[in-house]
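Just below is one structure, and these are the notes that go with it.
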Amino acid sequence: MDSILSSSTTFQLRNPLLSLHQPPFPSSKITINRLNKSQRALSSPPHQPLRISAASQSAATSAATASSFVPSEMKAWSYSEYGGVDVLKLETNVAVPEIGEDQVLIKVVAAALNPVDSKRRAGKFKATDSPLPTVPGYDVAGVVVKVGKQVKDLKEGDEVYADVSEKTLEGPKQFGSLGEYTAVEEKLVALKPKNIGFAEAASLPLAVETAYEGLERAAFSQGKSILVLGGAGGVGSLVIQLAKQVFGASKVAATASTPKLDLLKSLGVDLAIDYTKQNFEDLPDKFDLVFDTVGQGDRAVKALKEGGSAVVLTGPAEPPGFRFVITSTGETLKKLNPYLESGKLKAIVDPKGPFPFDKVHEAFSYLETGRATGKVVIYPTP
Ligand SMILES: NC(=O)c1ccc[n+]([C@@H]2O[C@H](COP(=O)([O-])OP(=O)(O)OC[C@H]3O[C@@H](n4cnc5c(N)ncnc54)[C@H](OP(=O)(O)O)[C@@H]3O)[C@@H](O)[C@H]2O)c1
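For the sequence shown, position 200 matches number 200 in the UniProt record's numbering, and the numbering has no gaps at all.
What follows is the structure in C-alpha cells.
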C-alpha cells in the first residue's frame, strides 16, 4: 500500500545564494506577451518560435533558478473543438496568460486530471463553458512567478497549489493547468504544504475541496456515521480521510472493487464493502450520511438512517439526497494544510502515474476508464 500512499517529493526550487540578494524571478526579466488575446493565442499565425527558458528544460530546476524568466509563449495542451482524447493537441506557441490585478502567474510544476476535464472536453457544459480553444486542467501545483497589483499575501517564489477555476462549470478558466503557466486569483491559491511534493499537492485541490464542501453542506459532524460510494477514487479517498481525521466520524464505510479493499482499510475505513460481491443497500448497517461519488443516488438513500442525508456528485439525486457543484476556494486548502503537514491527510496519487507532460493522452485515456485509484497526476511539466 506504500506505493499508493505515495511518498513525499520535494525539490530545491531556489538558488539560496541569489535569493539573499534578489528575488528569484527578477521582474526585469519577466516578459508577458502583450498581444495575448485568448482566442487569437492558440489558433492563429504568426507562428513565432517558442522561447524556451533554461528552467523549462529541466524538471528539477523548472521555474526555479534565479535566472528563470517568463517567456511570451509556452507549451500547452489545448483543443479547438469538443470531442474525445484525440482533440487534445500539444501546442508550442500558446501565449502565456496575462494576469489580472488580483491574480498570480504560476509556473506549473504538476497538474492533475479530473473527470470534469473529460466531460467539459466532450462538450457536456458547452452552454456555460469559456470560449474555445481551451487549455484544460483545474488542479495545479507550482511556483508563483508574477503577482498582480492587488495581491496581498503571495509573492514571487512561493510554492503553491490551487484549483484554478472558481466556478467549475460556469466560465471555467480558458487557460487551465495543462500548460507551462496559468493565471489564478489569489483567493483560490494556498501555499503548498511543506512536507509534500508538487505531484502530491497537484492531486489535491479540486477533489479535497469537493470532499470538504460536500461534508460541510451535509452538516456532517463528530460522532456521525458515513458511507462513501467510490472510496478508492479521487474524491472518495479524500472523503474517507476527512470524515475520519477532520470531522470525527464515529464510523466510516466505503465501497470499492476487490483489489482496492486494502486501500480503503489503509485510509481508515471501519467497513470496506466489495461492491462486486455485496449490495451496500442490503446490508444491515445504515448511515447518517451517504457520500455518493459514483452516480448511485437512487440506491444511496436506501442506506440512510432516519433523518440522514446523501451528497450526490454525479447523476440524479433523490430526496433527501442533494447534488452540488464545487466552488473553488483557497481557504479550504489553508484550513487543511496542518492535517496534510502532520500526515493525518494523505494525497493519493495513482500508482500508474505520475504521467509526464507529453503523456497527457495516455493519462486521460486511463482516467476515462473510471478505474483510477486516487488521482491521475501530470508531472513533470516542462
Ligand atoms: N459535483 C461536483 O462538484 C463534483 C466534484 C468532483 C467530482 N465530481 C464527479 O464525481 C465523480 C467521481 O469523481 P472522482 O474524481 O472521484 O472520479 P475517479 O477518481 O475517476 O473515480 C474512479 C474510482 O471510482 C470507483 N468506482 C467506479 N465504479 C464504482 C462502483 N460502482 N462502486 C464503487 N466504486 C466505483 C473506481 O473503483 P473500482 O476500480 O474499484 O471500481 C475508481 O477507483 C465523477 O463523475 C466526477 O465528475 C463532481
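The beta-carbon is built from N, C-alpha and C at its ideal position, and this holds for glycine as well. On a predicted model such as this, the values are computed, not experimentally measured, just so you know.
Any non-hydrogen atom of ligand 1 within 7 Å of residue i CB
i: G234; result: yes
i: F175; result: no
i: N279; result: no
i: I226; result: no
i: R371; result: yes
i: I326; result: yes
i: L264; result: no
i: A111; result: no
i: P115; result: yes
i: V301; result: no
i: Y366; result: no
i: Y138; result: no
i: K260; result: yes
i: A256; result: yes
i: Y212; result: no
i: K89; result: no
i: A207; result: yes
i: G230; result: yes
Paired residues, beta bridge with residue i - DSSP
i: V94; result: M74
i: Y181; result: K107
i: G233; result: G374
i: K334; result: Answer is none; K334 lacks a bridge partner.
i: V252; result: I226
i: I99; result: None, per the DSSP bridge assignment.
i: Y79; result: T134
i: F355; result: I378
i: K167; result: T327
i: A190; result: Y161
i: A272; result: A254
i: K89; result: S78
i: L289; result: I226, S309
i: F175; result: V135
i: V349; result: K375
Beta-carbon proximity check, residue i vs residue j, cutoff 8 Å
i: V235; j: T255; result: no
i: T369; j: L263; result: no
i: K75; j: S130; result: no
i: A363; j: F355; result: yes
i: V376; j: D350; result: yes
i: V228; j: V246; result: no
i: residue 454; j: G308; result: Any answer about residue 454 is impossible in this case: the structure gives the chain only from 1 up to 382.
i: V164; j: V184; result: yes
As an exercise, report each continuous beta strand (DSSP E) stretch of at least 3 residues that is fully enclosed by the segment 102-163, in chain order. Runs of the beta strand (DSSP E) inside the segment 102-163: 103-113, 139-147, 159-163.
Is the number of C-beta pairs between the segment 142-160 and the segment 103-120 that are closer than 8 Å three or more? yes
Does the count of Cβ pairs from the segment 157-164 and the segment 180-193 closer than 8 Å reach three? yes
Quick one: complete beta strand (DSSP E) runs, 3+ long, within the segment 293-324? 304-312, 321-323
Cβ contact (3+ pairs, closer than 8 Å) linking the segment 263-270 and the segment 280-290: no
For the segment 316-334 against the segment 208-225, are there 3 or more C-beta pairs whose distance is under 8 Å? Counting Cβ pairs under 8 Å, three or more are found: they touch.
Should the segment 327-338 be regarded as contacting the segment 311-318, the criterion being three or more beta carbon pairs within less than 8 Å? no
Using 8 Å as the cut-off, can you tell me whether the segment 197-208 makes contact with the segment 109-124, which would need three or more C-beta pairs spanning the two stretches below that distance? yes
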